Amino acid sequence: MARRKTSKRNALPALLAGMLTVVLLLIAGAAILFLLSWVRGSLAHTGGMPGLPGSTAPSENVKYEFGSLLPVWTGKQRVTVLVLGIDERAQETGPWRTDTIILATLDPVNKQAGVLSIPRDLWVPIPGYNSGRINTAHFLGDLYGYEGGGPALAKATVEYNFGEPIDYYVRVNFQGFVQIVDLIGGVDVYVEKRIDDPQYPDGHYGVEHLVIEPGWHHFDGEMALKYARSRHGSSDFARARRQQQVMLAILDRITSLELLPDLARNAPKIFQTLQGSVQTDLALDQILALANLATQVKRENIRFGVIDATCTENWTTPDGAQVLIPLRDQMRRVVSYVFWEDVTPTPAATNAPPATAIPAITPTPEKATIAVLNGTTRAGLAGGTGAYLNNHGLPVAKVDNADRQDYANSLVVLNRDKPATAAKIIALLHLPGTALTKGSDPNAPYDIVIILGADYAGVPSE
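Going by this note's numbering, the sequence shown wraps up at 464, each residue one higher than the last.
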């Protein structure tokens with residue numbers, strides 16, 4: 003599926019609400035109901051539909067119909083949002099790693115949605131950088147001035163490793179979540195197993211002993227966050243499932259008719275809270291149109307998935323860090339399930355990306371100069387590999403020997419940012435993601451230099 007053009011504008015933070023309602027994300031309900039109330043009031047006073055600040059033109063994939071309170075989403079392609087939760091503290095200025103990473107998707111034709119939780123310790127290639135934990139992509143993007151900042155590099159990294167185009171992002175800090183859950187009156191959650199976390203971070207660079215007994219609980223914002231974030235004593239995988247459980251609890255809460263009066267009374271404070279807590283590139287009318295579409299998605303048409311122990315292996319890096327190595331084939335099956343790629347689409351639906359062994363990267367127009375160097379004593383290795391890449395649409399400009407012939411591990415050196423080409427090379431040559439490395443010479447003659455090491459099995463048989 004071709005990558006769709008998306009808006010780069012920073013909209014008002016409250017604008018995330020409608021899309022998050024679709025995908026059951028943390029703070030959606032209160033905000034969307036506030037927006038509906040605000041729109042209704044604007045119509046009464048101005049006789050028109052408010053659009054983006056300073057503009058009355060509809061955004062992409064949005065139209066207004068006479069007599070309708072909400073705009074209509076006209077797009078037929080799947081809409082996918084990357085949701086990033088950051089542990090932003092008042093005494094810090096960032097950059098921050100992402101504590102929570104969730105992919106949320108909606109098919110507007112088949113009225114199907116999905117939520118995929120991604121563990122923060124997943125060890126993956128980060129476009130333009132060395133491999134690292136997936137939660138460091140946002141940190142690196144902000145730290146090194148990546149175009150679009152941390153959210154943009156986080157988007158690129160998730161696209162790179164999961165093979166699904168991402169249209170928009172939403173970044174939420176946890177204090178905003180706490181305040182908004184409190185504003186909607188808390189949530190009811192059934193705790194299946196006792197939580198005993200002696201090292202829960204207390205927000206002041208210390209820890210506290212968190213214990214939550216099994217059974218039904220009515221959580222305020224602080225306890226809902228603790229339940230969703232607690233990691234010690236269980237695992238990141240259990241944590242991801244608890245986060246999804248809290249999403250469903252919030253959905254149940256905000257769709258209750260009894261909640262409407264409370265939301266109306268708290269609407270100004272909800273808006274104020276969201277302004278300082280959320281960043282997104284979704285526009286107001288896009289949010290409202292997606293919210294309109296959300297009402298047509300049935301609960302049974304929402305799928306949940308977690309990249310868990312069935313999709314990963316534990317590994318200790320040379321620096322001693324405990325990380326998760328993705329098992330690409332198993333991971334792809336989970337992604338295909340969440341994105342409904344195992345279901346035959348209706349004739350009007352856009353064809354989904356094929357479920358192949360990843361990296362399955364969405365093709366993008368990208369010109370790259372490539373050199374293939376033999377870092378072993380096996381004769382003809384670089385020549386055969388260069389011909390193989392040429393036959394698969396990757397023109398090779400140079401084939402030669404490397405500076406030495408004792409490379410133990412193959413390298414794909416990125417002298418310039420060519421993520422789609424690099425991902426295709428990794429996939430075609432069956433190299434590990436750890437082979438990707440950032441070059442140190444910005445004036446290097448080739449965009450990508452492939453150094454074939456002893457671990458390279460040779461040109462794959464087809």
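Virtual Cβ for every residue (Gly too), placed ideally from N, Cα, C. For clarity, every value in this text was computed on a predicted model and none was experimentally measured.
Rounded Cβ spacing between residue i and residue j (contact assumed at less than 8 Å)
i           : j           : result
residue 288 : residue 445 : Not really, about 42 Å apart at Cβ, beyond 8 Å.
residue 223 : residue 183 : 4 Å
residue 112 : residue 439 : Not really, about 41 Å apart at Cβ, beyond 8 Å.
residue 158 : residue 100 : Their Cβ separation, rounded to whole angstroms, is 14 Å, which puts residue 158 and residue 100 out of contact at 8 Å.
residue 429 : residue 401 : 20 Å between Cβ atoms; not a contact.
residue 396 : residue 423 : 7 Å
residue 342 : residue 327 : Not a contact, Cβ separation roughly 27 Å.
residue 199 : residue 232 : 5 Å
residue 160 : residue 168 : 6 Å
Neighbour-count burial assignment, residue i, 16 or more Cβ in a 10 Å radius
i           : result
residue 140 : buried
residue 146 : exposed
residue 33  : For residue 33, the predicted structure reports a pLDDT of 40, less than 50, and the residue's modelled location is therefore unreliable. The matter cannot be settled from this model.
residue 238 : buried
residue 10  : In this prediction, residue 10 has a pLDDT of 35, which is less than 50 and means its spatial position is unreliable; nothing more can be read from the coordinates.
residue 369 : exposed
residue 149 : exposed
residue 406 : exposed
residue 202 : buried
residue 279 : buried
residue 153 : buried
residue 229 : buried
residue 77  : buried
residue 443 : exposed
residue 404 : buried
residue 453 : buried
residue 98  : buried
residue 322 : exposed
residue 204 : exposed
residue 217 : exposed
Length of the line joining the Cα atoms of residue i and residue j
i           : j           : result
residue 281 : residue 337 : 26 Å
residue 197 : residue 212 : 7 Å
residue 227 : residue 135 : 23 Å
residue 449 : residue 420 : 7 Å
residue 165 : residue 302 : 25 Å
residue 380 : residue 390 : 17 Å
residue 61  : residue 285 : 7 Å
residue 315 : residue 74  : 44 Å
residue 178 : residue 88  : 11 Å
residue 244 : residue 437 : 34 Å
residue 398 : residue 427 : 11 Å
residue 304 : residue 110 : 13 Å
residue 246 : residue 375 : 47 Å
residue 210 : residue 225 : 13 Å
residue 431 : residue 462 : 7 Å
residue 116 : residue 291 : 18 Å
residue 456 : residue 138 : 30 Å
residue 299 : residue 114 : 6 Å
residue 186 : residue 220 : 12 Å
residue 394 : residue 388 : 10 Å
residue 325 : residue 344 : 30 Å
residue 55  : residue 65  : Per-residue confidence for residue 55 stands at a pLDDT of 35, beneath the threshold of 50, marking its modelled position as unreliable; the derived number appears in the next sentence. Approximately 17 Å, taken between the alpha carbons.
residue 214 : residue 193 : 8 Å
residue 459 : residue 195 : 46 Å
residue 373 : residue 392 : 11 Å
residue 418 : residue 382 : 27 Å
residue 416 : residue 371 : 11 Å
residue 90  : residue 252 : 22 Å
residue 319 : residue 255 : 43 Å
residue 248 : residue 283 : 25 Å
Any non-hydrogen atom of the ligand MG within 6 Å of residue i CB
i           : result
residue 240 : As for the ligand MG, it is missing from this structure, which has no ligand bound.
Fill in: the stretch 74 to 86 in contact with the stretch 158 to 175 per 3-pair CB rule at 8 Å
The stretch 74 to 86 is in contact with the stretch 158 to 175.
Discussion item. Across the stretch 142 to 161 and the stretch 120 to 133, are there enough close Cβ pairs to call them in contact, namely three or more that are closer than 8 Å?
Written reply: Yes: at least three Cβ pairs fall under 8 Å.
Worksheet item: Mind pulling the beta strand (DSSP E) runs of 3 or more residues that sit fully within the stretch 172 to 256?
Response: Within the stretch 172 to 256, the beta strand (DSSP E) runs of at least 3 residues that lie entirely inside it are, in chain order, 189 to 193, 197 to 203, 209 to 214 and 217 to 221.
Item to complete: Inspect the CB distances between the stretch 297 to 310 and the stretch 107 to 122 and report whether three or more fall short of 8 Å.
Response: With the cut-off at 8 Å, the stretch 297 to 310 and the stretch 107 to 122 touch.
Practice prompt. Could you tell me which uninterrupted beta strand (DSSP E) segments, each at least 3 residues in length, are contained entirely in the stretch 73 to 153, listed from first to last along the chain?
Written response: Unbroken beta strand (DSSP E) runs of no fewer than 3 residues, entirely contained in the stretch 73 to 153, are found at 81 to 88, 100 to 109, 114 to 120, 125 to 127 and 133 to 135, following chain order.
Worksheet item: Three or more C-beta pairs closer than 8 Å, one from the stretch 98 to 113 and one from the stretch 152 to 166: is that the case here?
Response: Yes: the two stretches touch, three or more of their Cβ pairs being nearer than 8 Å.
Discussion item. Count Cβ pairs between the stretch 323 to 339 and the stretch 410 to 420 that sit closer than 8 Å; are there 3 or more?
Written reply: A contact between stretches requires three or more CB pairs, one per stretch, nearer than 8 Å, and the stretch 323 to 339 fails this requirement with the stretch 410 to 420.
Discussion item. So within the stretch 368 to 431, which uninterrupted alpha helix (DSSP H) runs reach at least 4 residues, ignoring any that extend past its ends?
Written reply: As far as the stretch 368 to 431 is concerned, its whole alpha helix (DSSP H) runs of at least 4 residues are 383 to 393 and 421 to 431.
Worksheet item: What alpha helix (DSSP H) runs, 4 residues minimum, are completely inside the stretch 281 to 335?
Response: Taking only runs of at least 4 residues, the alpha helix (DSSP H) segments lying wholly in the stretch 281 to 335 are 286 to 296.
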